[in-house]
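In the numbering used here, the protein residues as written are -15 to 620.
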């Protein structure tokens, strides 16, 4: 008997955010009569297609759903909903007893199960690897790893051999697992189940193994197999380490390596033998020696240099955090004079990435953001609240983290502290897409910015952070007297960064332009203004607190100079009238903008604004609080 409500419950648990899915039907008896007549694809809600799916099921077709989101083809998949395993006859007990229990378990035929773990933040290109790890861990079907994979839909009949009602045996709601947290913890719970004899190791031990393996060459076949045997007891974690190490060899073939891993037997040795082999090659355990990783990347990277023939390399597109502006695995300098709005821009970037919303028309890669705040996080919370109100987007559940201080990054121990603090949150919230250092001066810890040696230590610290997380690192920096918009201090910083952008006030507004692009085309400059936002908090006198946000202005870069002049004058007039409405006196406006008082008064008269200076309309006799940010331009 077909039960549509059971299918609906499964789909709601799989993805509570939508009711639209991709369905497939095809014959459970592939060589039977009419097998092609039951092969169909459906897109939409279950209710829309329930009758057709039921009719085809009664005619001998199996009913399936594409687990991931986007479409029926690999190129169409845009989001990983869940990772899953087809146990293919392997026992269900290890799955149910795992440290991270599945959200859904479906019995597709007697004692044959599919298990699903909902995940967030798993990149599409990482999906197949995680699927293979799950299959290896639980003894499942390793071929169940393609992005548009379809799985049986509960509530319908499995028509192979003896008909079986496909039913859900576990259906748990709750939060999805962040991808990195899942990959770290989806292990069997100690030695409770002996199905694969997985041995647990700490994150520190895994890091030590990865370091030790850099001293061992993976080209030699016997060495390659021996290291695999050493790591076999670590299950999926050992497999990942072995594949990562194996990939350093020009002989590496992923499919052959995976097949070899499945054939590796048990060994009398253990993963500790890797350390012995590495030490024989000259490797020294940093912890055993009482030292930490040196900040110099040339020393930190112990791998022997290896050349690859050009013909064996494939061109790769730039991976973006913010399309056109912030590249992944890159360091970008954000340079501006004091008071222009550098931090407003850095927070605009941070909030957009954390929330996964477009940044003024530019696509973003959503992910965790860590903001190293030189002046603490006190003032940033109001600015981020203004961003939420302006964009009507909540950041409450976003993976956006603000530090309470900014350690001096020229000091190695401080860098280790920052990396450790970020790493402690990565398991739960995922690897960062963006780390912001605000500002370089605060991060210099009292060192001289003009000292090349100190600047090189700072650059090495940025490289450690970037290499550790393969993310975009933004450094907020003050400009000096250099007219080339390169920022103050040693020129070593300019040469080391991958990209540099400059923010400046112009008659047209606050203009953002790119002044250095390492491997990507120069993006088109953008113009902004700061818009005042009334916050939903009050001061001790009951007055609303205010902050500001960046708003994008119309593109005026392509118009002729006369139109630009008219536009600039109109914006200047709007700024003056806005300041006057807020309660600023004409004398103060003149001092602030350089415009004569007579001109200001003429604009006020023509606009028909009449009030007592210093007491704006509706102020009820009190002075309007002065806005503490750069001049507010644009409509309020």
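Where is the CB? At the ideal position from N, CA and C, for every residue including glycine. All values reported here derive from a predicted model rather than from experimental measurement.
Going by beta-carbon coordinates alone, are residue 475 and residue 435 separated by less than 8 Å? What you label residue 475 is simply residue 491 of the chain shown in a count that begins at 1. What you label residue 435 is simply residue 451 of the chain shown in a count that begins at 1. Against a cut-off of 8 Å, the Cβ pair of residue 435 and residue 475 comes out as no contact.
Residue span of the beta strand (DSSP E) that contains residue 263, given as start and end: Within the chain shown, the letter at position 279 stands for residue 263. For residue 263, there is no enclosing beta strand (DSSP E); the enclosing alpha helix (DSSP H) has its first and last residue at 256 to 264.
Residue 422, buried or exposed, once every other Cβ within 10 Å from all chains shown has been counted against 16: Position 438 of the chain shown, counted from the start, is the residue given in the question as residue 422. By the neighbour-count criterion, in which 16 or more other beta carbons inside 10 Å mark a residue as buried, residue 422 falls on the buried side.
Residue burial classification, residue 77 (beta-carbon count within 10 angstroms, cutoff 16): Counting from one through the chain shown, the residue named residue 77 turns up at place 93. Exposed is the call here.
Cα-Cα separation, residue 513 to residue 493: On the chain shown, residue 513 is found 529 positions in, with the first residue counted as 1. On the chain shown, residue 493 is found 509 positions in, with the first residue counted as 1. About 6 Å.
Give me the DSSP bridge partner(s) of residue 587. Here residue 587 refers to the residue found at position 603 when the chain shown is read from its first residue. In the DSSP secondary-structure assignment, residue 587 is not bridged to any residue.
Can you give me the Cβ contacts of residue 322 inside the same chain, cut-off strictly under 8 Å, excluding the 5 residues immediately before and after it? On the chain shown, position 338 is the one that residue 322 refers to. So the qualifying residues of the chain are 462.
Let me confirm a value: residue 531 is counted as buried when at least 16 other C-beta atoms fall within 10 Å, else exposed. Which label applies? If you number the chain shown from 1, residue 531 lands on position 547. By the neighbour-count rule (16 or more Cβ atoms within 10 Å), residue 531 is buried.
Reduced DSSP category for residue 511 - H, G, I as helix; E, B as strand; rest coil: One-based indexing of the chain shown puts residue 511 at position 527. Three-state result, residue 511: strand.
How far does the alpha helix (DSSP H) with residue 573 in it reach, from first residue to last? To locate residue 573, count along the chain shown from 1; it is residue 589. Residue 573 -> alpha helix (DSSP H) spans 570 to 577.
The beta strand (DSSP E) that contains residue 60, what's its start and end? Within the chain shown, the letter at position 76 stands for residue 60. No beta strand (DSSP E) contains residue 60, which DSSP labels as neither H nor E.
State the DSSP-derived secondary structure class of residue 160, mapped to helix, strand or coil. By 1-based counting over the chain shown, the position of residue 160 is 176. Correct three-state label for residue 160: coil.
Can you name the residues that DSSP bridges to residue 626? Here the chain has residues from -15 to 620 only, and residue 626 is not among them.
Could you tell me whether the Cβ atoms of residue 387 and residue 355 are closer together than 8 Å? As a first step, residue 387 must be located in the chain shown, where it is residue number 403. As a first step, residue 355 must be located in the chain shown, where it is residue number 371. Yes, these two residues count as a Cβ contact at 8 Å.
Check whether the Cβ atoms of residue 507 and residue 308 sit closer than 8 Å, and answer yes or no. Locating residue 507 in the chain shown gives position 523, where the first residue counts as 1. Locating residue 308 in the chain shown gives position 324, where the first residue counts as 1. Closer than 8 Å, so yes.
Following the continuous beta strand (DSSP E) through residue 219, name the residue where it begins and the one where it ends. Counting from 1 along the chain shown, the entry for residue 219 is found at position 235. Here residue 219 belongs to no beta strand (DSSP E); instead the alpha helix (DSSP H) covers 219 to 230.
Please classify residue 135 as buried or exposed, where buried requires at least 16 other C-beta atoms within 10 Å of its C-beta. As a first step, residue 135 must be located in the chain shown, where it is residue number 151. The residue is buried, with at least 16 neighbouring Cβ atoms inside 10 Å.
Mind listing, in chain order, the continuous alpha helix (DSSP H) runs of no fewer than 4 residues lying wholly within the stretch 422 to 495? 424 to 427, 436 to 453 and 476 to 480
Please state whether the Cβ-Cβ distance between residue 484 and residue 320 is less than 8 Å. For this step, residue 484 is matched to residue 500 along the chain shown. For this step, residue 320 is matched to residue 336 along the chain shown. No, they are not a contact pair.
Between residue 417 and residue 305, which are expected to be in contact by the criterion C-beta below 8 Å, what is the C-beta distance as a whole number of angstroms? Here residue 417 is taken as the residue at index 433 of the chain shown, counted from 1. Here residue 305 is taken as the residue at index 321 of the chain shown, counted from 1. Rounded, the Cβ-Cβ distance is 5 Å, consistent with contact.
Have a look at the DSSP bridge pairing and note the partners of residue 29. For this step, residue 29 is matched to residue 45 along the chain shown. Answer by DSSP bridge pairing, in chain order: 4.
Check the DSSP bridge columns for residue 243 and list the partner residues they point to. Within the chain shown, the letter at position 259 stands for residue 243. Looking at the DSSP assignment, residue 243 forms no beta bridge with any residue, so it has no partner.
Neighbourhood of residue 302 by C-beta, 7 Å cutoff - its chain only, sequence neighbours within 5 removed: Position 318 of the chain shown, counted from the start, is the residue given in the question as residue 302. Result list for residue 302: 311, 503 and 504, in chain order.
CB-CB length for residue 67 against residue 5, believed under 8 Å: Locating residue 67 in the chain shown gives position 83, counting from the first residue. Locating residue 5 in the chain shown gives position 21, counting from the first residue. About 17 Å separates the two Cβ atoms, so there is no contact after all.
Any idea if residue 593 is buried or exposed, counting beta-carbon neighbours within 10 angstroms, 16 or more meaning buried? Stepping through the chain shown from its first residue, residue 593 is reached at position 609. By the neighbour-count rule (16 or more Cβ atoms within 10 Å), residue 593 is not buried but exposed.
Whole angstroms is fine: what's the gap from residue 248's alpha carbon to residue 420's? Here the question's residue 248 lines up with position 264 in the chain shown. Here the question's residue 420 lines up with position 436 in the chain shown. Going from the Cα of residue 248 to the Cα of residue 420 covers about 45 Å.
Which residues does DSSP list as the beta-bridge partners of residue 90? What you label residue 90 is simply residue 106 of the chain shown in a count that begins at 1. According to DSSP, which records beta bridges pairwise, residue 90 is partnered with 98 and 152.
Can you give the beta carbon distance from residue 47 to residue 140, rounded, assuming they're within the 8 Å contact cut? As a first step, residue 47 is located in the chain shown; it is residue number 63 there, counting from the start. As a first step, residue 140 is located in the chain shown; it is residue number 156 there, counting from the start. With a Cβ gap of about 4 Å, residue 47 and residue 140 count as contacting.
Given that a residue counts as buried once 16 or more other Cβ atoms are within 10 Å of its Cβ, and exposed if not, what is residue 86? Residue mapping note: residue 86 aligns to position 102 of the chain shown, counting from 1. Classification of residue 86: buried, given that the 10 Å Cβ count is 16 or more.
Pairwise C-alpha distance: residue 127 and residue 116: Working through the chain shown from its first residue, we reach residue 116 at position 132. Working through the chain shown from its first residue, we reach residue 127 at position 143. Their Cα atoms are separated by approximately 8 Å.
So, with DSSP's three-state summary, where would you put residue 124? Position 140 of the chain shown holds residue 124. Three-state result, residue 124: coil.
Which of the three DSSP states is assigned to residue 76 in this structure? Locating residue 76 in the chain shown gives position 92, counting from the first residue. In this structure, residue 76 counts as coil in the three-state DSSP scheme.
Straight-line gap, residue 214 to residue 267 (C-alpha atoms, nearest Å): The residue labelled residue 214 in the question sits at position 230 within the chain shown. The residue labelled residue 267 in the question sits at position 283 within the chain shown. Looking at the two C-alpha atoms, the distance is approximately 17 Å.
Three CB pairs or more closer than 8 Å across the stretch 399 to 414 and the stretch 363 to 381: No, they do not touch.
Top-ranked residue by Cα proximity to residue 138, from 119, 32, 82 and -10: Residue 138 sits at position 154 when you count from the first residue of the chain shown. Considering only alpha carbons, the answer is -10.
Just how far apart, CA to CA, sit residue 433 and residue 315? Numbered from its first residue, the chain shown carries residue 433 at position 449. Numbered from its first residue, the chain shown carries residue 315 at position 331. Distance between the alpha carbons of residue 433 and residue 315 is about 18 Å.
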